[in-house]
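Have a look at the structure below before the remarks.
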Amino acid sequence: MSDEQAAFRLSGVRSAVTRWHEHAADAVLLDGFHALKHALRFGAGVHVAVSSDKEAVLRLAADLAPDLAAALGACVTEIPAAELRGLVARVHPTAVAALAAAPDPALRTAALTALPRRAPVVVLDQPRNLGNVGAVVRLAAGFGVTGVVTTGDLDPWHPNAVRAGAGLHYATAVARTGPDGLPPGPLHVLDPEGEDIRATALPDDALIVFGSERHGVSDDLRKRATALVALPMRPQVSSYNLATSVGMALYHWAATSRSPLVPGRS
Numbered sequence: 018m019s020d021e022q023a024a025f026r027l028s029g030v031r032s033a034v035t036r037w038h039e040h041a042a043d044a045v046l047l048d049g050f051h052a053l054k055h056a057l058r059f060g061a062g063v064h065v066a067v068s069s070d071k072e073a074v075l076r077l078a079a080d081l082a083p084d085l086a087a088a089l090g091a092c093v094t095e096i097p098a099a100e101l102r103g104l105v106a107r108v109h110p111t112a113v114a115a116l117a118a119a120p121d122p123a124l125r126t127a128a129l130t131a132l133p134r135r136a137p138v139v140v141l142d143q144p145r146n147l148g149n150v151g152a153v154v155r156l157a158a159g160f161g162v163t164g165v166v167t168t169g170d171l172d173p174w175h176p177n178a179v180r181a182g183a184g185l186h187y188a189t190a191v192a193r194t195g196p197d198g199l200p201p202g203p204l205h206v207l208d209p210e211g212e213d214i215r216a217t218a219l220p221d222d223a224l225i226v227f228g229s230e231r232h233g234v235s236d237d238l239r240k241r242a243t244a245l246v247a248l249p250m251r252p253q254v255s256s257y258n259l260a261t262s263v264g265m266a267l268y269h270w271a272a273t274s275r276s277p278l279v280p281g282r283s
């Protein structure tokens, strides 16, 4: 590498690190190749993307996301491994990270509240595990539902949730609100005492409400339920994992709904 090339590369590293620090306070961390890939596919505005092995990132793109090969080649800046370790708490195995603009809250609210609704909203009532929140967002994106709303203290846009969701927060509407700020629509609450989900249909405009694995749905939301529905489960088994429950319920919706938004429906 010539002195001129080395100086150019150093300038690029410095610029990328500077932009990272400028945006770190209010941007969404995209941790790893898949998070960056999905965020780009669904229109995220990426401020800066860095990797300690850009060639490896581009090989992944060639294998897994050829549609994004050019975009990734243009937006990813290679920086030394030590610099990358200084920017993120834990370097992803794919050695790439990025910062992106959070979606406009007004647009998220508009997407969640618009009627008529042709696909449900998943409501997570006071979830306790960020990994589960991210897994649910990934399911919601895959099933093409309207969005995911959480109540309680956890931030559904926390880096750990975005990491677990593989960047698919940008593929659906994800927001946090209080129980009184839920989008409009009938509340279909998952509850062990409810009607077997196989005997009922989940409306396209439903809010499908899931409680935490330990405490279930709050008394307030349970009392407000339009319907209580239960997942089939063997006696003496306490509960399903939250993401598993959401996946089962969304599959039931997709299998019984006539909505044109059901994936694979022409």
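In the working numbering, the protein residues as written are 18 to 283.
Glycine is no exception: its CB is placed at the ideal position from the N, C-alpha and C atoms.
{"Asked": "Helix, strand or coil at VAL65 according to DSSP, with G and I counted as helix", "Found": "strand"}
{"Asked": "Given VAL234 as reference, the closest of ASN258, LEU207, ARG251 once Cα atoms are compared", "Found": "LEU207"}
{"Asked": "Residue range of the beta strand (DSSP E) that includes PRO209", "Found": "204-213"}
{"Asked": "Opposing strand residues paired with PHE160 [DSSP bridges]", "Found": "DSSP, once it has assigned bridges, lists no residue as partnering PHE160."}
{"Asked": "Residue burial classification, ASP80 (beta-carbon count within 10 angstroms, cutoff 16)", "Found": "exposed"}
{"Asked": "Reduced DSSP category for GLY90 - H, G, I as helix; E, B as strand; rest coil", "Found": "helix"}
{"Asked": "Reduced DSSP category for SER256 - H, G, I as helix; E, B as strand; rest coil", "Found": "coil"}
{"Asked": "Residues near GLN22 by beta carbon distance below 8 Å, same chain, minus five either side", "Found": "Note on GLN22: pLDDT 47, under 50, position unreliable in the model; the coordinate value appears next. Answer for GLN22: no residue qualifies."}
{"Asked": "Proximity of ASP70 and ALA114 at Cβ, strictly below 7 Å", "Found": "no"}
{"Asked": "Pairwise C-alpha distance: ILE225 and GLY202", "Found": "10 Å"}
{"Asked": "Proximal residues to ALA183 (C-beta, below 7 Å), its chain only, five neighbours per side dropped", "Found": "HIS51, ALA52, HIS55, ARG155"}
{"Asked": "LEU267, buried or exposed, once every other Cβ within 10 Å from all chains shown has been counted against 16", "Found": "buried"}
{"Asked": "PRO173 versus ALA119, ALA91, TYR257, residue with shortest Cα-Cα distance", "Found": "ALA119"}
{"Asked": "Burial state of PHE25 (16 or more Cβ within 10 Å)", "Found": "The pLDDT assigned to PHE25 is 45, lower than 50, so where the model puts this residue is not dependable; a value taken from the coordinates is nonetheless given after this. Burial call: exposed."}
{"Asked": "Contact between the segment 230-249 and the segment 124-135 (3+ Cβ pairs under 8 Å)", "Found": "no"}
{"Asked": "VAL191 CB to nearest heavy atom of the ligand ADP below 6 Å", "Found": "The ligand ADP is absent from the structure shown, which contains no ligands of any kind."}
{"Asked": "Exposure of GLY164, with buried meaning 16 or more beta-carbon neighbours within 10 Å", "Found": "buried"}
{"Asked": "Option in HIS269, SER229, VAL246 with minimal Cα separation from VAL162", "Found": "HIS269"}
{"Asked": "Neighbourhood of LEU46 by C-beta distance below 6 Å, restricted to the same chain and skipping five residues each side", "Found": "PRO176"}
{"Asked": "With 16 other Cβ atoms within 10 Å as the buried cut-off, status of ASN149", "Found": "buried"}
{"Asked": "Beta-carbon contacts of GLY29 that lie in its chain and below 7 Å, excluding the five residues immediately before and after", "Found": "THR94"}
{"Asked": "Sequence-distant residues of the same chain with beta carbon closer than 7 Å to ARG36, five excluded per side", "Found": "HIS64, VAL65"}
{"Asked": "Secondary structure, beta strand (DSSP E): runs of 3+ residues fully inside the segment 133-197", "Found": "138-142, 164-167, 190-193"}
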